[in-house]
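Residue numbers (this note's numbering): 8 to 441.
First up is the structure itself, then whatever we jot down about it.
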Ligand code: HSE
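Here is the structure:
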């Protein structure tokens, strides 16, 4: 535990976030120590390669390539994991916690996949495991769910929690930018994951939703419980129609309580232009949480980047330090009480937008209407555009009233197999707030 009253910090990883956290701990040591109530000191930093040239304020004597120098170091009270990826980060966190060290992590993949096990381990060992930076960078989300909003029964979470895709969608929508160009720009800005498919296909947002939903609904959530669909099928035409219909397309991460069930999904969604989330642009993130007492609250800000992420990590370090200084045990609990049944995606009910390329001849609309009608899908509006005289095709955009996902899938399958519908070009769910 603490030595001469000092609180030792061991850092795993010296990437962009690690370097910013280290810089703050060194350059703002006095101010942060005042806030912590005890002197803080950086004991050791794990790096992959000692020889790598780095522009860091960390004295080279603090660097090590041996994790045991941190995990087994009695000087270290708090292990701060900023490596990313599941392995070896999860093992390091397990070891640190099992040795009675407090842990802080920014690792969404670890917390989404191994969070419940690590939280239990931390509770068994009476140490803190804090992970504010794992969702929404600098935006406080985990803390409010564990403390300020705890009195509420949460009814829904609607979030834009992937900056890369929000940047791409904003550029496509507002500037007509090509998908690939926007993706490249997002990568240059340093927002995209090492493997950008995790952003584009919604996987990164699904990790974050799994973490948030488990806390919000006190329910065990696996990443595989989250229905996940990315943004790569969206085209310029969808953005044009969305605008015409009064919507903005966003990659939403949604958790909604329905009776004793929980619907969990990440997919592109039409958001009404008058809703706040439609105005969250560029790389910014926003999380709207609805509780029975508080109503709707929205947390908005920078969801990634070294400085916002360091803000969350250092906030967690300070909370741990204060709990050590005051000799309080960990105040937060991540306990899950069994909770809700995860609802299959097929049971979900919402409105749908479908863009179809059809043969431009008599009776086609009637056939489409029959397929939908037979499946209990009621049409809210139909737009017909762009008759292509040469190919004798037209483009039809159908908006439905609320319908069951299973029925929509059946309708798409049927329409794809009958001759007059040349192509179901895209289907996008429409999110409505009641
Ligand atoms: N790739 C992530 C994003 C980084 O675009 O939001 C932050 O987790």
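Every residue gets a Cβ at the ideal spot worked out from N, C-alpha and C, and that includes glycine.
Check whether the Cβ of residue 135 lies closer than 7 Å to any heavy atom of the ligand HSE, and answer yes or no.
As a working note, residue 135 is residue 128 in the chain shown. No - the ligand HSE has no heavy atom lying nearer than 7 Å to the Cβ of residue 135.
Between 226, 276, 169, which lies nearest to residue 344 when the distance is taken from Cα to Cα?
Counted from its first residue, the chain shown places residue 344 at position 337. Residue 226 is the option with its Cα nearest to residue 344.
The ligand HSE heavy atoms versus the CB of residue 200: any closer than 7 Å?
The residue given as residue 200 occupies position 193 in the chain shown. A distance criterion of 7 Å places the beta-carbon of residue 200 in contact range of the ligand HSE, judged by its closest non-hydrogen atom.
Could you pull the start and end residues of the alpha helix (DSSP H) that residue 413 belongs to?
Position 406 of the chain shown, counted from the first residue, corresponds to residue 413. Unbroken alpha helix (DSSP H) run through residue 413: 412-424.
First through last residue of the alpha helix (DSSP H) which encompasses residue 97
Here residue 97 corresponds to residue number 90 of the chain shown, with the count starting at 1. 96-105 is the span of the alpha helix (DSSP H), which, as asked, contains residue 97.
Residue 231 by DSSP, collapsed to three states: which one?
Within the chain shown, residue 231 is the residue found at index 224, counting from 1. Note: residue 231 maps to helix in three-state DSSP.
The ligand HSE and residue 494: does the residue's C-beta get closer than 7 Å to at least one heavy atom of that ligand?
The structure shown does not extend to residue 494, since the chain spans only 8 to 441, so no value can be given for it.
So for residue 406, helix, strand or coil by DSSP?
Counting from one through the chain shown, the residue named residue 406 turns up at place 399. Reduced to three states, the DSSP call for residue 406 is strand.
Neighbourhood of residue 120 by C-beta, 7 Å cutoff - its chain only, sequence neighbours within 5 removed
Taking the first residue of the chain shown as 1, we reach residue 120 at position 113. Within the same chain, residue 120 has close Cβ partners 93, 230.
To test your reading of the DSSP string, which unbroken alpha helix (DSSP H) runs of 4 or more residues are found completely within the region 104-175?
Runs of the alpha helix (DSSP H) inside the region 104-175: 115-132, 149-153.
What does the alpha-carbon distance come out to for the pair residue 282 and residue 434?
Numbered from 1 along the chain shown, position 275 holds the residue referred to as residue 282. Numbered from 1 along the chain shown, position 427 holds the residue referred to as residue 434. Their Cα atoms are separated by approximately 21 Å.
Taking the alpha-carbon positions, what's the residue 52 to residue 65 distance?
Translated into the one-based positions of the chain shown, residue 52 becomes position 45. Translated into the one-based positions of the chain shown, residue 65 becomes position 58. When rounded, the distance between both Cα atoms is 8 Å.
Nearest to residue 88 by CA position, among 71, 110, 73, 76, is which residue?
Mapped onto the chain shown, residue 88 falls at position 81. Ranking the options by Cα distance to residue 88, first place goes to 110.
Answer yes if the region 145-156 comes into contact with the region 293-301, meaning at least three C-beta pairs across the two stretches below 8 Å, and no otherwise.
yes
Those residues which DSSP pairs with residue 70 across a bridge
Mapped onto the chain shown, residue 70 falls at position 63. Answer is 52, bridged to residue 70.
Compute every distance between the C-beta of residue 6 and the non-hydrogen atoms of the ligand HSE, then say whether any falls below 7 Å.
In the structure displayed, the chain extends from 8 to 441; residue 6 sits before or after that span and is not available.
Do residue 49 and residue 18 count as a contact pair if the criterion is CB distance below 8 Å?
By one-based count along the chain shown, residue 18 stands at place 11. By one-based count along the chain shown, residue 49 stands at place 42. Taking 8 Å as the Cβ cut-off, residue 18 and residue 49 qualify as a contacting pair.
Taking residue 379 as the reference, give the member of 390, 320, 408, 37 with the closest Cα.
Within the chain shown, numbered from 1, the residue matching residue 379 stands at position 372. The candidate whose alpha carbon is nearest that of residue 379 is 408.
Residue 395: buried (16+ other C-beta within 10 angstroms of its C-beta) or exposed?
Walking along the chain shown from the start, residue 395 turns up at place 388. Result: exposed.
Between which residues of its own chain and residue 264 is the CB-CB distance below 6 Å, once the five residues before and five after are set aside?
For the purposes of this step, residue 264 is taken as the residue at position 257 of the chain shown. The answer, listed in chain order, is 162.
I'd like the list of long-range same chain contacts for residue 319, defined as Cβ closer than 6 Å, with 5 residues on each side in sequence excluded.
Your numbering for residue 319 matches position 312 in the chain shown. Once the five neighbours on either side are set aside, the close Cβ partners of residue 319 are 139, 140, 145.
Since residue 88 is in the beta strand (DSSP E), which residue starts that stretch and which ends it?
Translated into positions along the chain shown, residue 88 becomes position 81. Going by DSSP, residue 88 is part of the beta strand (DSSP E) stretching over 85-88.
Please work out which residues of its chain come closer than 6 Å, Cβ to Cβ, to residue 309, disregarding the five sequence neighbours upstream and downstream, and give them in chain order.
In the chain shown, the residue the question calls residue 309 occupies position 302. 144, 145, 315.
Could you tell me if residue 155 is buried or exposed, where buried requires 16 or more neighbouring beta carbons within 10 angstroms of its beta carbon?
Start at 1 with the first residue of the chain shown, and residue 155 comes out as number 148. Flag for residue 155 reads exposed.
Continuous alpha helix (DSSP H) assignments of at least 4 residues falling wholly in the region 222-282
243-252
Please work out which residues of its chain come closer than 7 Å, Cβ to Cβ, to residue 324, disregarding the five sequence neighbours upstream and downstream, and give them in chain order.
Stepping through the chain shown from its first residue, residue 324 is reached at position 317. Result list for residue 324: 16, 85, 87, 111, in chain order.
Output yes or no for whether 8 Å exceeds the beta carbon distance between residue 207 and residue 239.
Looking up residue 207 in the chain shown gives position 200. Looking up residue 239 in the chain shown gives position 232. Yes, Cβ-Cβ distance for residue 207 and residue 239 is below 8 Å.
Give the straight-line distance between the Cα atoms of residue 61 and residue 32, rounded to the nearest whole angstrom.
As a position in the chain shown, residue 61 is number 54, starting the count at 1. As a position in the chain shown, residue 32 is number 25, starting the count at 1. Put simply, the backbone Cα of residue 61 is about 17 Å away from that of residue 32.
Start and end of the alpha helix (DSSP H) containing residue 329?
One-based indexing of the chain shown puts residue 329 at position 322. Residues 313-332.
Is residue 210 closer than 8 Å to residue 166 when the C-beta atoms are compared?
Residue mapping note: residue 166 aligns to position 159 of the chain shown, counting from 1. Residue mapping note: residue 210 aligns to position 203 of the chain shown, counting from 1. For residue 166 and residue 210, no; Cβs fall outside 8 Å.
Can you list, in chain order, the residues of its chain whose CB lies under 6 Å from that of residue 4, leaving out five sequence neighbours each side?
This structure cannot speak to residue 4, because the chain is shown only from 8 to 441.
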